[in-house]
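**Q**
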Amino acid sequence: MTARLPWRDLLLGLALPLLAALAWETAVRSGHASGRLVPPPSRVWSALAALARSGQLWPHVAATASRVGLGFAAGSAAGLLTGAAASYSPLFRKLVDPAVQGLRAIPSLAWVPLFLLWLGIFETSKIALIALGVFFPVYLGVMGAVLGIDRKIVEVGRIHRLSGIELARRILLPAILPSLLVALRTGLGLGWMFVVAAEYMGASEGIGYLLVDGQQLGKPDQIIAAILVFALLGKAADTLLVALFAPFLRWRDVYRGGR
Amino acid sequence: MPAPLKLRGLTKTFAGQDSPVLAGIELTVAPGEILAVIGGSGCGKSTLLRLIAGLERATAGDVLIGAEPVLAPHPAIGLVFQEPRLLPWLSVAGNVGFGLAGGPRDEREARVAAALTRVGLAARAEAWPHQLSGGQAQRAALARALVARPGILLLDEPFSALDALTRADLQDHLLELWAFERPTLVLVTHDIEEAPVLADRVAILRPRPGRIGELLAVELPRPRDRDHPSFEAAKRRLRAALAESPPPFARKLAS
Chain Y
0 MTARLPWRDL LLGLALPLLA ALAWETAVRS GHASGRLVPP PSRVWSALAA
50 LARSGQLWPH VAATASRVGL GFAAGSAAGL LTGAAASYSP LFRKLVDPAV
100 QGLRAIPSLA WVPLFLLWLG IFETSKIALI ALGVFFPVYL GVMGAVLGID
150 RKIVEVGRIH RLSGIELARR ILLPAILPSL LVALRTGLGL GWMFVVAAEY
200 MGASEGIGYL LVDGQQLGKP DQIIAAILVF ALLGKAADTL LVALFAPFLR
250 WRDVYRGGR
Chain S
0 MPAPLKLRGL TKTFAGQDSP VLAGIELTVA PGEILAVIGG SGCGKSTLLR
50 LIAGLERATA GDVLIGAEPV LAPHPAIGLV FQEPRLLPWL SVAGNVGFGL
100 AGGPRDEREA RVAAALTRVG LAARAEAWPH QLSGGQAQRA ALARALVARP
150 GILLLDEPFS ALDALTRADL QDHLLELWAF ERPTLVLVTH DIEEAPVLAD
200 RVAILRPRPG RIGELLAVEL PRPRDRDHPS FEAAKRRLRA ALAESPPPFA
250 RKLAS
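From first to last, the protein sequence lines stand for chains Y and S. Note that numbering that gives the first Met the number 0 has the first sequence beginning at 0, numbered continuously upward. Note that numbering that gives the first Met the number 0 has the second sequence beginning at 0, numbered continuously upward.
Written out as structure tokens, the structure reads:
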């Protein structure tokens with residue numbers, strides 16, 4: 000393993016957004032653009048800093064992050080279990096999969112009115128909506144991955160007389176781990192998408208609330224600040240997830256780009 | 000006391016097929032004997048081995064170790080597949096120790112280390128499977144099967160994917176390993192040289208349905224010299240016996 004310079008990768012990743020921000024800032028300051036509807040980075044930054052200084056930002060971040068966290072935990076656990084059961088038992092698959100695929104075809108936002116009716120306007124309905132969004136990609140990813148495991152490797156488990164649980168733990172789980180990570184990342188991404196929808200449908204706090212508030216009060220700098228917070232939170236959550244899996248995926252002999 | 004491996008009227012018909020793959024196989028393999036099963040492709044060699052290993056259930060007949068029937072994978076039977084089938088997420092040592100679930104940890108580690116040394120892979124213990132050459136990977140698979148000290152070791156064309164030099168090297172290596180604890184070896188092959196190098200007896204499997212056409216004893220002293228005239232004679236005898244059951248396409252050409 001060659002030691003990579005993390006700073007170099009970080010700088011490369013930041014180069015494009017920083018360059019764009021700088022260009023916009025220059026355009027507004029030099030009078031080439033008014034910056035009224037698209038405020039320059041300095042105004043977005045000061046809006047963000049004001050929110051942070053006044054102590055308003057953190058409760059919003061905490062509310063949104065905990066909704067995504069809880070919804071992701073519930074949705075991915077349900078997706079993992081249902082996907083595993085559907086791949087392990089053909090009968091369960093025949094019973095459940097067509098119904099799940101049918102439900103999956105419904106645009107998830109169509110559930111919003113029902114969820115509000117059933118679960119109320121507070122946290123439960125929001126977390127349920129996020130969990131629903133996370134569930135489908137995790138379910139599909141897990142089922143596809145388990146059904147794609149090489150039979151020859153499962154036979155190695157059989158010849159060593161592994162019990163069902165041992166087979167799941169020592170062969171099936173490690174075999175699907177790379178696909179599981181992809182499924183969870185997709186699910187997590189959808190979780191962030193759905194939290195905005197959930198907070199749009201009525202919330203008194205959360206980053207999504209900052210969006211609505213910014214729109215109603217005509218504060219584009221606050222809207223962009225909230226969008227930036229979403230970007231940072233989403234990226235941080237994804238990086239955390241990848242880092243959690245990394246120690247278990249060191250064995251992979253994969254293409255890393257180039258020739 | 001190790002028990003003989005007995006096949007009694009072993010018959011296998013796969014679901015949805017009319018004709019059996021194997022029909023009425025009768026065979027007894029003595030403890031410590033090396034038996035090679037040879038035949039063309041599609042004659043049921045691999046199926047025979049999978050039945051003995053307990054990976055498939057026989058339609059009729061029995062696989063017995065002494066008097067005990069084998070209905071599922073059995074602790075006394077080890078199997079080396081045609082491909083190494085190493086688990087890519089475990090190190091070489093982790094793969095070799097895969098079947099050693101019970102017992103104290105340091106004892107398991109000592110057995111894995113000993114097995115790796117015997118197959119000449121001690122230096123690669125911490126490598127990932129994808130970092131091994133084909134020959135090294137198959138040696139690791141051999142170590143994984145041997146570490147549990149099976150009384151019977153089954154090998155399904157274990158060296159057929161390797162180049163000729165590596166194959167000869169591994170054949171010699173297998174005999175060295177066999178000499179340690181003298182397990183019964185049943186080796187499936189289509190290689191007309193592999194059988195007389197390794198085996199005490201050669202069973203010729205005839206196709207459609209698969210049955211034992213002939214049992215030849217290889218009466219050559221060990222270690223066997225691949226260049227000795229008597230070895231060449233044994234190969235010729237084997238080739239002649241195989242030619243009595245020409246593969247289906249040859250029969251078509253002749254008629």
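C-beta atoms are modelled at their ideal positions from N, C-alpha and C, and glycine is treated no differently.
Using CA atoms only, rank isn't needed, just tell me which of Y/Gly70, Y/Arg52, Y/Val181, Y/Leu232 is closest to Y/Ala127.
**A** Y/Gly70
**Q** Residues in the same chain with beta-carbon distance under 8 Å from S/Pro87, minus the five sequence neighbours each way, listed in chain order, please.
**A** The residues Trp127, Pro128, His129, in chain order, have a CB closer than 8 Å to that of S/Pro87 in the same chain once the five nearest residues on each side in sequence are set aside.
**Q** I want to see whether chain Y comes within less than 9 Å of S/Ala109, judged by CB atoms only; does it?
**A** no
**Q** Would Y/Leu183 and Y/Ser65 qualify as a contact pair, given that the criterion is a beta-carbon distance under 9 Å?
**A** no
**Q** Who are the near neighbours of Y/Ser86 in its chain, counting only those whose CB is closer than 6 Å to its CB and skipping five residues on each side?
**A** Met142, Val145, Leu146
**Q** Just the Cα atoms here: how many angstroms apart are S/Glu82 and S/Gln137?
**A** So the alpha carbons of these two residues sit roughly 7 Å apart.
**Q** So is S/Phe80 in contact with chain Y if we call contact Cβ pairs under 9 Å?
**A** yes
**Q** Expressed to the nearest angstrom, what Euclidean distance is found between the alpha-carbon atoms of S/His73 and S/Ile51?
**A** 9 Å
**Q** Which residues does DSSP pair with S/Glu213 in a beta bridge?
**A** S/Ile203
**Q** Count the other CB atoms, across all protein chains shown, that sit within 10 Å of the CB of S/Gln16; report buried if there are 16 or more and exposed otherwise.
**A** exposed
**Q** Closer than 9 Å, CB to CB, is S/Gln130 near chain Y or not?
**A** yes
**Q** What residue from Y/Pro177, Y/Ala51, Y/Val241, Y/Lys125 has the CA that sits closest to Y/Gly190's CA?
**A** Y/Lys125
**Q** Restricting to Cα atoms, I'd like to know which of Y/Ile129, Y/Leu139, Y/Ile158 is closest to S/Ala140.
**A** Y/Ile158
**Q** Note down, in chain order, every chain Y residue with its Cβ under 8 Å from the Cβ of S/Pro74.
**A** Arg160
**Q** By the three-class DSSP mapping on this structure, what secondary structure does S/Thr188 have?
**A** strand
**Q** Given that S/Trp88 touches chain Y, what residues does it touch there, using C-beta distances under 7 Å?
**A** At a beta-carbon threshold of 7 Å, the residues of chain Y lying near S/Trp88 are Pro173, Trp250, ordered along the chain.
**Q** Taking S/Arg117 as the reference, give the member of S/Gly102, S/Leu219, S/Leu173, S/Gly38 with the closest Cα.
**A** Nearest option by C-alpha distance: S/Leu173.
**Q** Determine whether the Cβ of Y/Thr1 lies closer than 9 Å to any Cβ atom of chain S.
**A** Residue confidence is low: Y/Thr1 scores 46 on pLDDT, short of 50, so the model does not pin down where it sits. Its coordinate-derived value is still stated next. Answer no: the Cβ-Cβ gap between Y/Thr1 and chain S never drops below 9 Å.
**Q** Quick check on DSSP: helix, strand or coil for S/Ser254?
**A** With a pLDDT of 42 at S/Ser254, under the threshold of 50, the modelled position of that residue is not reliable, and the figure given next carries that caveat. Correct three-state label for S/Ser254: coil.
**Q** What distance in whole Å lies between the Cβ atoms of S/Val146 and S/Gly93, which are believed to be in contact at a cut-off of 8 Å?
**A** Not quite, the Cβ-Cβ distance comes to about 12 Å (not below 8 Å), so this is no contact.
**Q** Sort Y/Glu24, Y/Trp110, Y/Pro219, Y/Ala236 by Cα distance to Y/Leu180 and report the nearest one.
**A** Just measuring C-alpha positions, the residue of Y/Glu24, Y/Trp110, Y/Pro219, Y/Ala236 sitting nearest Y/Leu180 is Y/Ala236.
**Q** State yes or no: is the C-beta of S/Thr183 within less than 9 Å of the C-beta of S/Pro1?
**A** yes
**Q** List the residues of chain Y that S/Arg148 touches, going by C-beta distances under 7 Å, in chain order.
**A** Proximity of chain Y to S/Arg148 at the Cβ level (cut-off 7 Å) is not reached, the minimal Cβ distance being about 14 Å.
**Q** Using a Cβ cut-off of 8 Å, pull out every chain S residue sitting near Y/Arg157, in sequence order please.
**A** Within chain S, the C-beta atoms nearer than 8 Å to that of Y/Arg157 come from Leu54, Pro72, in chain order.
**Q** So is S/Leu252 in contact with chain Y if we call contact Cβ pairs under 9 Å?
**A** Confidence at S/Leu252 is low in this model, with a pLDDT of 48, below 50, so its placement is unreliable and the value that follows should be read with caution. At a cut-off of 9 Å between beta carbons, S/Leu252 makes no contact with chain Y.
**Q** What residue range does the alpha helix (DSSP H) around S/Ala33 cover?
**A** The residue asked about is misnamed: residue 33 of chain S is Ile in this sequence, not Ala. It is not in any alpha helix (DSSP H) - S/Ile33 instead sits in the beta strand (DSSP E) that spans 33-37.
**Q** If I follow the unbroken beta strand (DSSP E) through Y/Arg278, where does it start and stop?
**A** The structure shown does not extend to residue 278 of chain Y, since chain Y is modelled only from 0 to 258, so the question has no answer here.
**Q** So Y/Gly101 packs on Y/Pro136, CB below 8 Å; how close in whole Å?
**A** The Cβ separation is near 16 Å, so there is no contact.
**Q** Report the CB separation of S/Leu186 from S/Ile33 in whole angstroms; it is logged as a contact under 8 Å.
**A** Separation of the CB atoms of S/Leu186 and S/Ile33 is rounded to 7 Å, and the pair is thereby assigned contact status at 8 Å.
**Q** Could one say the Cβ of Y/Ile164 lies closer than 9 Å to chain S's Cβ atoms, at least one of them?
**A** no
**Q** Closer than 8 Å by beta-carbon distance: list the chain Y residues that pair up with S/Phe158, in chain order.
**A** What S/Phe158 touches in chain Y: nothing, since even the nearest Cβ is about 18 Å away.
**Q** Closer than 6 Å by C-beta to Y/Asp220: which residues in its own chain qualify, once you throw out the five before and the five after it? Chain order, please.
**A** Pro38, Arg42, Val43, Ala46
**Q** Would you mind telling me which residues of chain S sit closer than 7 Å to Y/Ile152, beta carbon to beta carbon, in chain order?
**A** Arg84, Leu86
**Q** Are the beta-carbon atoms of S/Leu115 and S/Ala124 separated by less than 9 Å?
**A** yes
**Q** State the start and end residues of the unbroken alpha helix (DSSP H) segment that holds S/Asp168.
**A** 163-180
**Q** What would DSSP say about S/Thr58, mapped onto helix, strand or coil?
**A** coil
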